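Chemist: Mind looking over this structure? Questions follow.
Protein chains: 2
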Amino acid sequence: MRLLVIEDEHRIAQALKEGLEQESYAVDVCHDGEDGYNTASADEYDLIILDVMLPGMDGIEVCRKLRAEGNHTPILMLTAKDQNHDIVHGLDAGADDYLPKPFSFEVLLARVRALMRRPNESIGEILKVGELTLNTNTHEVKRSGQSIKLSSKEYSLLEYMLRNKGQVLSKNNIMSHVWDFDANILPNTVEVFVAYVRAKVDKPFKDAELIQTVRGFGYKIGENS
Amino acid sequence: MRLLVIEDEHRIAQALKEGLEQESYAVDVCHDGEDGYNTASADEYDLIILDVMLPGMDGIEVCRKLRAEGNHTPILMLTAKDQNHDIVHGLDAGADDYLPKPFSFEVLLARVRALMRRPNESIGEILKVGELTLNTNTHEVKRSGQSIKLSSKEYSLLEYMLRNKGQVLSKNNIMSHVWDFDANILPNTVEVFVAYVRAKVDKPFKDAELIQTVRGFGYKIGENS
DNA sequence: TAGAACTTTAAAATTAGCTTAAAGAACTGG
DNA sequence: CCAGTTCTTTAAGCTAATTTTAAAGTTCTA
């Protein structure tokens with residue numbers, strides 16, 4: 001779990017870093033709002049500990065900007081004692097929690113744990129065609145309940161086709177979307193991989209063939225012709 | 226939104242009820258732990274405001290019992306001022322938040338709003354996959370009742386995987402969540418640590434291998450393929 | 001029915017991941 | 001503060017799986 005601490009007082013920042021590292025968290029530190037904001041939006045953290053009072057851009061502002069750009073990383077805000085308006089503003093700016101200074105490390109840790117405890121909410125996008133499903137999170141591919149094991153390229157090919165189901169995809173199109181840029185591939189490679197995927201996804205099942213050849217144009221995945 | 230207030234001081238309970246009703250929440254009140262616990266487990270509330278100090282069964286106990294029976298209703302705990310151990314115990318018992326008395330109504334309202342915003346059903350602090358458990362509080366890791374000793378990095382890696390169980394995590398993803406910022410690590414380091422964790426967590430146990438390699442994509446922790 | 005378009009097969013080339021060993025860091029107990 | 005220990009990281013060799021190519025076989029259609 002990787003945390004970002006945005007706190008201008010070096011003494012506190014250092015203490016937090018050390019204490020949290022003791023608890024086996026990976027911790028990065030920024031000392032002003034600007035820097036903190038940039039770091040937070042550039043990298044994916046699991047939690048941000050954010051001081052309200054910061055030189056330049058303050059904590060509320062940092063928080064608001066991160067939320068505005070769709071960043072949902074949990075934020076624990078450190079507020080000055082008895083500054084209720086900080087708390088209210090902070091929470092309204094999208095902070096998930098606050099901790100009034102001064103606080104004991106033990107309490108901080110409990111708050112951090114509580115915030116980390118949130119759901120595994122990753123919304124697994126599941127691509128489907130007929131009885132075939134592909135879970136983009138777990139990379140699980142199934143047909144009629146039966147699990148299918150694909151290699152990396154096979155998976156990429158199938159995923160690409162499913163994301164464009166019903167459409168006819170030319171070999172060139174497939175080549176440029178499934179292989180990378182500098183990948184000098186022959187069209188035959190696509191044919192071979194289509195065959196591999198068919199062998200695992202279509203052949204073992206009696207019902208409709210999902211992957212269809214459109215002679216002269218390319219391939220298509222879909223339920224019926 | 227329906228709230229339950231469990232608070233023995235009638236004056237405070239009444240003030241909360243009125244204030245919250247003003248905000249158009251439906252509010253029920255209980256005056257002791259027993260009654261509060263029964264009410265909370267009988268009916269489905271959207272939020273429970275729970276005083277720690279209660280006659281009979283105290284707030285911590287109420288909280289623990291509700292969580293034990295799988296109730297995930299967000300709980301905001303009211304603690305006595307400067308009783309840090311209350312806070313820690315409360316959070317560890319599964320409370321989602323706390324508010325030290327005395328508090329302004331404005332702050333309470335902000336906390337209530339924040340909790341309501343939060344996705345329900347936050348995961349407990351014990352992470353599990355099959356027979357494997359990891360206690361994020363004590364850092365204890367067990368499989369089939371047997372205690373397993375992990376180093377700090379090994380622990381971090383396993384925790385991260387468990388928090389994202391079922392999902393395929395690329396080496397890069399793992400690198401950026403388990404190691405910090407300036408950590409220049411090779412992907413091979415991840416491979417080595419996965420091997421270490423496997424050696425302690427999977428190898429000594431005959432049953433299913435929990436940590437799976439998804440060739441070309443990364444690693445996944447989960448019960449079955 | 002000839003030729004283009006696709007399929008299949010099998011072998012060669014490449015790569016990902018595992019293992020091992022050893023160097024360097026960070027702790028620990030005296 | 002130092003020596004021994006444990007933990008973290010790198011590097012290199014190995015294996016097995018995947019990717020790619022090439023060539024021979026089929027099918028379709030004009």
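Same order as they appear, the protein sequences are chains A and B.
Residue 14 in the numbering used here sits at position 14 of the first sequence, with consecutive numbering throughout.
Position in the second sequence (first residue = 1) + 225 = the numbering used here.
Quick reminder that beta carbons are idealized off the backbone N, C-alpha and C, glycines included.
Just so we're clear, the structure is a prediction, and the values are computed from it rather than from any experiment.
1. Quick one: any contact between the segment 365 to 381 of chain B and the segment 333 to 343 of chain B, if contact means 3 or more CB pairs under 8 Å?
2. Measure the alpha-carbon distance for L228/B versus G295/B and round it to whole angstroms.
3. With DSSP collapsed to three states, give me the class of Y98/A.
4. Are there three or more Cβ pairs, one per stretch, closer than 8 Å when the segment 22 to 31 of chain A is compared with the segment 388 to 408 of chain B?
5. By the DSSP assignment, the alpha helix (DSSP H) with M161/A in it spans what residues?
6. Using a Cβ cut-off of 7 Å, pull out every chain B residue sitting near L127/A, in sequence order please.
7. Can you give the Cα-Cα distance for Q146/A and K128/A, rounded to whole angstroms?
8. Starting from the C-beta of E234/B, find all residues in its chain whose C-beta is less than 8 Å away, skip the five residues before and the five after it, and write them out in chain order.
9. Would H310/B and M1/A qualify as a contact pair, given that the criterion is a beta-carbon distance under 9 Å?
10. Is E44/A close to chain B, meaning its C-beta is less than 9 Å from at least one C-beta of that chain?
11. Looking at the C-beta of R2/A, does it have a partner C-beta in chain B at a distance below 9 Å?
12. Rounded to whole angstroms, what's the CA-CA distance from G391/B to V366/B? Just pull it up for me.
13. CA-CA distance, F418/B and R198/A?
14. Which residues in the same chain have their Cβ closer than 6 Å to the Cβ of C63/A, if we skip the five residues on either side of it in sequence?
15. Any idea if E269/B is buried or exposed, counting beta-carbon neighbours within 10 angstroms, 16 or more meaning buried?
16. Does any C-beta atom of chain A lie closer than 9 Å to the C-beta of R292/B?
17. State the DSSP-derived secondary structure class of K200/A, mapped to helix, strand or coil.
18. Can M278/B and D257/B be called in contact, C-beta distance under 9 Å?
19. Are the CB atoms of L241/B and G355/B nearer to each other than 9 Å?
20. Between the C-alpha atoms of Q437/B and L132/A, what's the straight-line distance to the nearest angstrom?
21. Let me confirm a value: G36/A is counted as buried when at least 16 other C-beta atoms fall within 10 Å, else exposed. Which label applies?
22. With distances taken between CB atoms, is the gap from K161/A to T361/B smaller than 9 Å?
23. Taking H314/B as the reference, give the member of A293/B, G284/B, F330/B with the closest Cα.
24. Taking Cβ-Cβ distances below 7 Å as the criterion, which residues of the segment 143 to 173 of chain A are in contact with chain B?
25. Helix or strand or just coil, what does DSSP make of Y444/B?
26. How many whole angstroms separate the CB atoms of F330/B and G447/B, which I take to be in contact at a CB cut-off of 8 Å?
27. Name the chain B residues whose beta carbon is nearer than 7 Å to that of L20/A?
28. List, in chain order, every chain B residue whose beta-carbon is nearer than 8 Å to that of L91/A.
Modeler: Walking through what the data contain:
1. no
2. 18 Å
3. strand
4. yes
5. 152 to 163
6. Within 7 Å Cβ-Cβ: nothing; L127/A doesn't reach chain B, min ~15 Å.
7. 14 Å
8. D276
9. no
10. yes
11. yes
12. 19 Å
13. 36 Å
14. I75, A93, G94, A95
15. exposed
16. no
17. helix
18. no
19. no
20. 23 Å
21. buried
22. Inspection of the sequence shows that residue 161/A is occupied by Met rather than by Lys. No.
23. G284/B
24. S147, S151, S152
25. strand
26. Going by Cβ atoms, the distance from F330/B to G447/B rounds to 46 Å, so no, they are not a contact pair.
27. Here the premise fails: no neighbours, minimum Cβ distance about 10 Å.
28. A335, R336, R338, A339
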